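Participant: First residue of the sequence shown? That's 1 in full-length UniProt numbering, and the numbers climb one at a time after it.
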Amino acid sequence: MSHLMNTYARLPVAFTHGEGVWLFDETGKRYLDGLSGIAVSTLGHNHPRLVRAIAGQAAKVLHTSNIYRIPLQEELSDRLAAVSGMDEVFFCNSGCEANEAAIKLARFHGHRKGIEQPAIVVMENAFHGRTLATLSATGNRKTQAGFEPLVSGFLRVPYKDIGAIRTVGEHNHNIVAVMLEMIQGEGGVNIADETFQRDLRALCDERGWLLICDEVQCGMGRTGSWFGFQQGGVTPDVMTLAKGLGSGVPIGACVTSGRAAGLFGPGNHGSTFGGNPLACAAGLETLATIEDDGLMANAVKVGEAIRTGLQEALAGLSGVVDIRGRGLMIGIELDRPCGDLVRQALDAGLLINVTADRVIRLLPALVFTEANAQELVSRLAPLVRKHLE
Ligand SMILES: *Cc1c(COP(=O)(O)O)cnc(C)c1O
1 MSHLMNTYAR LPVAFTHGEG VWLFDETGKR YLDGLSGIAV STLGHNHPRL VRAIAGQAAK
61 VLHTSNIYRI PLQEELSDRL AAVSGMDEVF FCNSGCEANE AAIKLARFHG HRKGIEQPAI
121 VVMENAFHGR TLATLSATGN RKTQAGFEPL VSGFLRVPYK DIGAIRTVGE HNHNIVAVML
181 EMIQGEGGVN IADETFQRDL RALCDERGWL LICDEVQCGM GRTGSWFGFQ QGGVTPDVMT
241 LAKGLGSGVP IGACVTSGRA AGLFGPGNHG STFGGNPLAC AAGLETLATI EDDGLMANAV
301 KVGEAIRTGL QEALAGLSGV VDIRGRGLMI GIELDRPCGD LVRQALDAGL LINVTADRVI
361 RLLPALVFTE ANAQELVSRL APLVRKHLE
């Protein structure tokens with residue numbers, strides 16, 4: 001056995017290479033990738049444009065330091081500001097780091113308003129990461145158990161419950177922000193509808209709270225718009241990105257606008273690796289390819305094909321509670337635990353995932369085609385059918 005720390009229940013497979021939406025294992029068997037490394041490989045595997053961009057940048061310079069100007073970082077911040085309608089970007093390397101930056105920013109904002117013990121409203125079933133602050137913000141006891149004392153300053157409410165947020169605000173005058181995923185990923189692909197999004201934006205404005213959207217999983221074009229909040233027509237004060245931003249090269253971002261912009265100065269926050277030239281080259285090429293190839297429209301079309309395909313193939317099965325999603329972020333909720341399906345799908349040459357115990361989660365690359373969608377449905381539906389028999 002190896003010396004790896006035992007932090008993952010890994011499946012007994014290792015991939016040697018990929019090609020588009022396919023991965024190949026050590027025996028040459030190929031797998032349709034319905035998960036993209038959990039919403040990371042936005043452009044699929046080995047996308048020629050991304051390969052060229054990364055190789056070209058590697059041949060120039062990988063890393064300099066945030067002690068110096070990094071023109072690619074400036075360029076990527078301009079692009080992110082343009083597609084989000086927001087103002088400023090801090091680059092880091094992962095989702096939890098992006099959320100740490102957002103949490104620090106919210107506290108900083110509070111202290112500037114004279115709130116000594118700032119609190120942030122967070123949601124049940126939320127997932128924000130595994131660092132101490134982000135696991136404290138996460139709404140899942142399993143993530144937190146054994147790591148107490150948790151970071152204080154988080155108030156939890158049920159997801160999508162505007163009344164509960166209003167009530168908690170009436171009882172607590174230290175609130176500085178509300179933090180949530182507009183579509184919960186780990187929590188089971190739960191969608192905050194447009195009315196809730198607008199009501200929440202209005203409540204935050206009324207109370208002077210920052211609206212923090214964790215777009216780490218649902219952002220970067222996956223749901224058919226650049227970001228989940230754009231479907232409700234709102235703009236947050238802070239959003240966090242990572243996963244799909246570099247299409248496999250690690251990069252995260254904390255993006256701010258309005259009252260949340262201009263808060264940090266030199267010395268308030270930083271990162272050694274954050275936004276290095278290689279990561280920014282990957283981010284820029286990912287954004288450009290999504291745009292040039294119409295991948296957000298594709299996500300809507302192919303996501304629809306997967307959902308209707310599954311609805312037809314699973315029609316009449318009472319064990320299917322719901323088939324939901326936006327674009328290529330899809331959840332199939334069953335009435336019973338279904339973790340075993342992950343291994344069965346693997347055997348059938350399909351990569352999927354199960355979250356929240358009973359929800360099959362699909363997060364294919366944005367380059368998925370309708371033919372890929374049909375292939376996915378024909379591999380997955382028989383397994384679900386058998387599981388529910
Ligand atoms: C994955 C995820 C994170 C954590 O990202 P890491 O890169 O693993 O730290 C945070 N928020 C959401 C919504 C995520 O899906």
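Glycine included, every Cβ here is placed at the ideal spot set by N, Cα and C. Owing to the predicted nature of the structure, the values given are computational and were not obtained by experimental measurement.
Bridge partners for residue 180 per DSSP, in chain order?
Facilitator: Note: residue 180 sits in a beta bridge opposite 213.
Participant: At 3 residues or longer, and completely inside the segment 301-338: list those beta strand (DSSP E) runs for me, N to C.
Facilitator: Listed in chain order, the complete beta strand (DSSP E) runs (minimum 3 residues) inside the segment 301-338 are 320-326 and 329-334.
Participant: Just grab the DSSP bridge partners of residue 91 for me.
Facilitator: Bridge partners of residue 91: 253.
Participant: List the endpoints of the continuous beta strand (DSSP E) containing residue 241.
Facilitator: Counting along the chain, the beta strand (DSSP E) containing residue 241 begins and ends at 238-241.
Participant: Who are residue 161's beta bridge partners in DSSP?
Facilitator: Note: residue 161 sits in no beta bridge, so no partner.
Participant: From what residue to what residue does the beta strand (DSSP E) around residue 368 run?
Facilitator: Here residue 368 belongs to no beta strand (DSSP E), and DSSP marks it neither H nor E.
Participant: When you compare the CB positions of residue 376 and residue 34, do they come within less than 7 angstroms of one another, or not?
Facilitator: Yes, the pair counts as a contact, with Cβ atoms nearer than the cut-off.
Participant: In the DSSP output, which residue or residues are listed as bridge partners for residue 123?
Facilitator: 157.
Participant: Please report how far the alpha carbon of residue 281 lies from the alpha carbon of residue 168, in whole angstroms.
Facilitator: Their Cα atoms are separated by approximately 43 angstroms.
Participant: What is the residue span of the beta strand (DSSP E) that residue 19 lies within?
Facilitator: Run containing residue 19: 15-19, per the beta strand (DSSP E) assignment.
Participant: With the cut-off set at 7 angstroms, would you say residue 42 and residue 26 are in Cβ contact?
Facilitator: No, these two residues do not count as a Cβ contact at 7 angstroms.
Participant: Does the structure place the segment 176-184 close enough to the segment 112-122 that three or more beta carbon pairs sit under 8 angstroms?
Facilitator: Yes: the two stretches touch, three or more of their Cβ pairs being nearer than 8 angstroms.
Participant: Should residue 135 and residue 144 be called a contact, given that it needs their Cβ atoms to be closer than 7 angstroms?
Facilitator: For residue 135 and residue 144, yes; Cβs fall inside 7 angstroms.
Participant: Just to confirm my understanding: we take residue 357, look at its own chain, exclude 5 residues before and 5 after, and list those with CB closer than 6 angstroms. What are they?
Facilitator: Answer for residue 357: 337, listed in chain order.
Participant: Do residue 89 and residue 255 have their C-beta atoms within less than 7 angstroms of each other?
Facilitator: Taking 7 angstroms as the Cβ cut-off, residue 89 and residue 255 qualify as a contacting pair.
Participant: Provide the residue(s) that pair with residue 191 in DSSP beta bridges, ordered along the chain.
Facilitator: According to DSSP, which records beta bridges pairwise, residue 191 is partnered with 183.
Participant: Closer than 8 angstroms by C-beta to residue 194: which residues in its own chain qualify, once you throw out the five before and the five after it? Chain order, please.
Facilitator: Closer than 8 angstroms at Cβ, skipping near neighbours: 231, 232 and 233.
Participant: Alpha carbon to alpha carbon, how far is residue 350 from residue 21? Give it in angstroms, no decimals.
Facilitator: Taking the straight line joining both Cα atoms gives about 11 angstroms.
Participant: Does the segment 312-332 touch the segment 185-203, meaning 3 or more C-beta pairs lie closer than 8 angstroms?
Facilitator: A contact exists between the segment 185-203 and the segment 312-332.
Participant: Rank 93, 102, 97 and 113 by C-alpha distance to the C-alpha of residue 130 and give the top, closest one.
Facilitator: Checked all of 93, 102, 97 and 113; the closest Cα to residue 130 is 97.
Participant: Could you check whether residue 274 and residue 241 sit closer than 7 angstroms to each other, using their CB atoms as the reference points?
Facilitator: No, the Cβ-Cβ distance between residue 241 and residue 274 is not below 7 angstroms.
Participant: Can you tell me whether residue 62 is helix, strand or coil according to DSSP?
Facilitator: The answer is coil: DSSP assigns residue 62 none of H, G, I, E or B.
Participant: Who are the near neighbours of residue 226 in its chain, counting only those whose CB is closer than 6 angstroms to its CB and skipping five residues on each side?
Facilitator: Correct list, in chain order: 83.
Participant: Over the uninterrupted beta strand (DSSP E) stretch that includes residue 70, give me the two end residues.
Facilitator: It is not in any beta strand (DSSP E) - residue 70 carries neither H nor E in the DSSP assignment.
Participant: Could you say if the segment 299-311 and the segment 93-112 meet the contact criterion of at least three C-beta pairs nearer than 8 angstroms?
Facilitator: No, they do not touch.
Participant: Classify residue 23 as helix, strand or coil using the three-state DSSP reduction.
Facilitator: In this structure, residue 23 counts as strand in the three-state DSSP scheme.
Participant: Quick check: what's the CA-CA separation for residue 331 versus residue 364?
Facilitator: About 12 angstroms.
Participant: Just the C-alpha distance for residue 153 and residue 114, rounded to the nearest angstrom, thanks.
Facilitator: Rounded to the nearest angstrom, the two C-alpha atoms are 15 angstroms apart.
Participant: For a test of your reading of the model: does the CB of residue 214 fall under 6 angstroms from any non-hydrogen atom of ligand 1? Yes or no.
Facilitator: Yes, Cβ of residue 214 sits closer than 6 angstroms to a heavy atom of ligand 1.
Participant: Under 7 angstroms Cβ to Cβ from residue 166, same chain only, skipping five residues before and after it: list those, please.
Facilitator: Once the five neighbours on either side are set aside, the close Cβ partners of residue 166 are 203.
Participant: Indicate, with yes or no, if ligand 1 has a heavy atom lying under 6 angstroms from the CB of residue 94.
Facilitator: Checking the Cβ of residue 94 against ligand 1 gives yes.
Participant: Alpha carbon to alpha carbon, how far is residue 269 from residue 31?
Facilitator: Cα-Cα distance, rounded: 41 angstroms.
Participant: Could you give the residue range of the alpha helix (DSSP H) that holds residue 143?
Facilitator: Taken as a continuous stretch (DSSP letters only), the alpha helix (DSSP H) holding residue 143 covers 141-144.
Participant: Nearer than 6 angstroms: is that true of the beta carbon of residue 144 relative to any heavy atom of ligand 3?
Facilitator: Of the ligands one can find in the structure shown, namely ligand 1, none is ligand 3.
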